[in-house]
Amino acid sequence: MTGEILALCSAMLYGIAGVTISKGKKDATGDNGVFLSVVATCVLTVGLWLIWGGVSLSQLASWDSAPGLALFALAGIFSTVLGRTTMYRATERIGAVKAALFRRLIPVFALPCGLMLLGEWPEAHVLVGGAIIMAGVLCYQLLPCHLSITQNLTGDLFGIASALCYALAYSFRRMGLDGIPDPLFGTLFGAVMGLVWFPLVAAFRGGAFRHLFCDRCVWHWATALSLGIGQTLQFLALSMAPVSSVAILGTLDLFFSAAFIALFFKGERFDGRLLALAGGLAFLGSAILFSQ
Numbered sequence: 001m002t003g004e005i006l007a008l009c010s011a012m013l014y015g016i017a018g019v020t021i022s023k024g025k026k027d028a029t030g031d032n033g034v035f036l037s038v039v040a041t042c043v044l045t046v047g048l049w050l051i052w053g054g055v056s057l058s059q060l061a062s063w064d065s066a067p068g069l070a071l072f073a074l075a076g077i078f079s080t081v082l083g084r085t086t087m088y089r090a091t092e093r094i095g096a097v098k099a100a101l102f103r104r105l106i107p108v109f110a111l112p113c114g115l116m117l118l119g120e121w122p123e124a125h126v127l128v129g130g131a132i133i134m135a136g137v138l139c140y141q142l143l144p145c146h147l148s149i150t151q152n153l154t155g156d157l158f159g160i161a162s163a164l165c166y167a168l169a170y171s172f173r174r175m176g177l178d179g180i181p182d183p184l185f186g187t188l189f190g191a192v193m194g195l196v197w198f199p200l201v202a203a204f205r206g207g208a209f210r211h212l213f214c215d216r217c218v219w220h221w222a223t224a225l226s227l228g229i230g231q232t233l234q235f236l237a238l239s240m241a242p243v244s245s246v247a248i249l250g251t252l253d254l255f256f257s258a259a260f261i262a263l264f265f266k267g268e269r270f271d272g273r274l275l276a277l278a279g280g281l282a283f284l285g286s287a288i289l290f291s292q
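Here the sequence shown stands for residues 1 to 292, where the numbers follow the UniProt record's numbering.
In structure tokens, the structure reads:
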């Protein structure tokens, strides 16, 4: 039961992060705290790996580890860099609730990614679960939008791109585990890639360094800590509870986002009944998809 509670707390923190990303945008003059969140994730992941890591530095220094490191690096670029950046941009444009719903597409996109990269053929219940999740996401698109067509479409595309990037990252990380069987190190290496990537890109863009460090208001810190601690709790939950339970409880983040908006952060509009239907379908689809 402890694992399930940790998974629920993780979902709550991810839900909070979605709301604080939207709030932080109003005061942002740079990247809205994306790089700050990468630093926080990296620090927390280092702590986890030092405690529970399964491989030593001497093992990682061998040439046999090179393919695994390369795959972990790719996973880091797709998750910590591309996936997280597009998640931020989607949330800024379409709000925390709708962006959270798009994240439910990650296991759906993981099906073709797994087939192409890993040769894994999905079973019937996986396809059914994925179809139900897709129906939930499409259902929420029926909501009349108060945003401009351009803003809504751009946000939707960012949300879809983020889910696809994370799905690719999971596939690359899975491939890397064949050579380096340490999921914590894979996640740490991915976070380090983000820590290196953003300053490296900024070095080739005049004045871009300022954009990495200028956004440090309370909302940006809240987002960074929520994402970092949420990911940490998710790892701990996976060590204590079945993957299916953690994945299903993770779908509740969109309801946490909606609750925090309704109770504390007025501004973002959503249809409660349509959200309940869409979220319920996402929850049901995830339960079927991750069932054994």
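Cβ coordinates follow ideal geometry from the N, Cα and C atoms, glycine included.
- Distances from the CA of Asp156 to each of Leu36, Phe256, Val97 were compared; the closest alpha carbon is that of Val97.
- A distance below 8 Å between beta-carbons, with the five flanking residues on each side excluded, links Arg216 to the following residues of its chain, in chain order: Gly33, Leu36.
- Distance between Leu177 and Val192, taken at the CA atoms: about 17 Å.
- Contact between the region 59-75 and the region 127-140 is absent: fewer than three C-beta pairs spanning the two stretches fall below 8 Å.
- In the DSSP assignment, Lys26 falls outside any alpha helix (DSSP H) and carries neither an H nor an E.
- Membership of Arg273 in the alpha helix (DSSP H) is indicated by the continuous run 272-289.
- One thing to note: Ala169 has its Cβ within 8 Å of the Cβ of Ala75.
- In the displayed model, Ala208 falls within coil according to three-state DSSP, outside both helix and strand.
- The three-state secondary structure of Cys217, taken from DSSP, is coil.
- The C-alpha of Glu120 lies about 35 Å from the C-alpha of Glu92.
- If you draw a 10 Å sphere on the C-beta of Gln141, you find fewer than 16 other C-beta atoms in it, and that means exposed.
- Beyond the five residues adjoining it in sequence on each side, Cys165 comes within less than 6 Å, by CB distance, of Phe78, Leu82, Gly83 in the same chain, given in chain order.
- Only buried fits Gln234, as 16 or more other CB atoms lie within 10 angstroms of its CB.
- Annotation: the continuous alpha helix (DSSP H) that includes Thr187 extends over 183-203.
- Note on geometry: alpha-carbon atoms of Leu289 and His125 lie some 6 Å from one another.
- Closest option to Leu117, judged by alpha-carbon separation, among Ser171, Ile229, Thr29: Ser171.
- Around the beta-carbon of Ala276, fewer than 16 other beta-carbon atoms lie within 10 Å, marking it exposed.
- Ala224 and Gly159 have their C-alpha atoms some 19 Å from each other.
- Ile180 has its alpha-carbon roughly 24 Å from the corresponding atom of Ala40.
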